[in-house]
Amino acid sequence: MSLLPPVAIRGSSLSGLAAALSLSSLPSPPPVTLYSSPPSPPPDPHIGVGVWSTALSLLPPPLRADLSGRGAFLSAAGYRAVDGRWLHRTSLPPGRLLFLPQGELLERFEAALPPSVSRRPAAEYEGGEHGVTVGAEGACSPTRALLHPSCPGPQPGGYHVFRGNSPHPAGEAFQTWGRGGRKRFAVVPMSAEASTWFATVDSGLLPPSPSFDRRSFLLSHFSSFHPPVPSLISSSPPPLLSPSLSHPPSPPPSHPSLCLVGDAHRLLDPVLAMGFTLAIEDAYSLATHYPDLPAYHRARAGRRRNAAAASALVGALAQPSVAGVGEARDALLGVVPGVVKGAVFDWVMEASLRG
Ligand SMILES: Cc1cc2nc3c(=O)[nH]c(=O)nc-3n(C[C@H](O)[C@H](O)[C@H](O)COP(=O)(O)OP(=O)(O)OC[C@H]3O[C@@H](n4cnc5c(N)ncnc54)[C@H](O)[C@@H]3O)c2cc1C
1 MSLLPPVAIR GSSLSGLAAA LSLSSLPSPP PVTLYSSPPS PPPDPHIGVG
51 VWSTALSLLP PPLRADLSGR GAFLSAAGYR AVDGRWLHRT SLPPGRLLFL
101 PQGELLERFE AALPPSVSRR PAAEYEGGEH GVTVGAEGAC SPTRALLHPS
151 CPGPQPGGYH VFRGNSPHPA GEAFQTWGRG GRKRFAVVPM SAEASTWFAT
201 VDSGLLPPSP SFDRRSFLLS HFSSFHPPVP SLISSSPPPL LSPSLSHPPS
251 PPPSHPSLCL VGDAHRLLDP VLAMGFTLAI EDAYSLATHY PDLPAYHRAR
301 AGRRRNAAAA SALVGALAQP SVAGVGEARD ALLGVVPGVV KGAVFDWVME
351 ASLRG
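Going by the UniProt record's numbering, the letters in the sequence shown line up with residues 1 to 355, in that order.
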């Protein structure tokens, strides 16, 4: 029998599943109960999502191999101006960033859980029943609200994100940085016949009625973007739409029996494709420190800060709200030598992945 306190995990999306997996893989694991409530709206299983090597390297080798076989590692990416000019192109080290369908990521984590993990509906959770509660409930986590009673909940980031899948190949992965209106378009090829993409737009530009035609709206805002941006949008089924939200910075919690993982821990603007990566890293750091929860939160503070800083910097550069900033950025990137740009871009990427 384990001497570690029993743990309740509230939320069974990726961060809850990863926490259940990491804790139940300890040499003498604590009893783990996973409390679930169905997400609303349900996630689109076909949307492609990125997972960085800092998270993949923590996973048991069979799960890592399973995930790697269901997606593709990105080997190169580029940043483009609205007219299609390449502002910078970069190659990624092998094995650095895996893209795979979101549904397969969640399904493979589910399948990797040992039968010792108990499953219960969220409504049955009672705080006093377990030694430790892990909040994995996403942006509006009730466990986060308990730990940070004076901090406001998630704050709007000022833009909305549309996500879609096109049956057309994108060729290579690229991001096109807009020149105002917080517009940005990014696409990653998922196979020889399909691509997954996202587009950002200033929240103030959205029509007041929530039932607007998303594809036509996007086409009207991205018609001046270079090919194949308009055709990727028009060939996709109606895209998903979500507001960008972020948690204001807060000190690491020091509670002895409550802790946070994933988006409940700290929500970032979704511009670096880091959410799932941070969720998996949180889960394995929690298992390393369990049951010393304050030590876990202290260990993750630097990593979370770096990711937030990189996300803010990239967001400001890539999707400015004011038109002149985008023009000045493109002109500057046009004259800076490639070797200098390469060093700066690589430094930002590495800094965003450091703890
Ligand atoms: C537009 C967009 C694009 C993104 N792209 C990427 C990407 O490419 N790569 C990447 O890594 N990340 C990406 N992310 C971020 C990623 O989706 C999140 O970081 C990730 O889903 C966080 O997982 P989570 O388990 O912490 O939270 P969630 O996915 O929000 O899951 C929380 C779960 O808890 C449940 N729940 C809520 N309340 C309770 C309760 N009281 N009790 C029990 N359960 C509860 C919910 O129903 C849900 O199932 C993107 C996010 C957005 C918005």
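Idealized CB from N, CA, C, for every residue including glycine.
Taking 7 Å as the cut-off, one finds no heavy atom of ligand 1 near enough to the beta carbon of V32.
L14 has its CB nearer than 7 Å to a heavy atom of ligand 1. Distance from the Cα of D202 is smallest, within the candidate group S216, F217, R182, R215, for R182. Taking a cut-off of 8 Å on C-beta distances, the stretch 256-275 touches the stretch 132-146, as three or more cross pairs fall below it. If you draw a straight line from the Cα of H297 to the Cα of T176, it comes to about 36 Å.
Shown here, F217 sits in a helix according to DSSP, grouped into three states.
Within a 10 Å sphere around the beta-carbon of D282 sit 16 or more other beta-carbons, which makes this residue buried. Here P248 is not near P337, since their CB atoms are 8 Å or more apart. Around the beta carbon of W347, fewer than 16 other beta carbons sit within 10 angstroms, so the residue counts as exposed. Taking a 10 Å sphere around the C-beta of L332, we find fewer than 16 other C-beta atoms and assign the residue as exposed. Per DSSP, the unbroken beta strand (DSSP E) holding D202 starts and ends at 194-202. DSSP places Q102 within a helical segment (H, G or I) once states are collapsed to three.
If you look at M190, you'll find it isn't in any alpha helix (DSSP H); it sits in the beta strand (DSSP E) that goes 184-191. Residue pairing by DSSP places S246 opposite Q155 in a beta bridge. For L272, no alpha helix (DSSP H) encloses it, and the DSSP letter there is neither H nor E. Note: A72 is bridge-paired with F99 in the DSSP secondary-structure output. DSSP places L260 in the uninterrupted beta strand (DSSP E) bounded by 258-260.
Judged by DSSP in its simplified three-state form, S12 adopts coil rather than helix or strand. A distance below 8 Å separates the beta carbons of I47 and T196.
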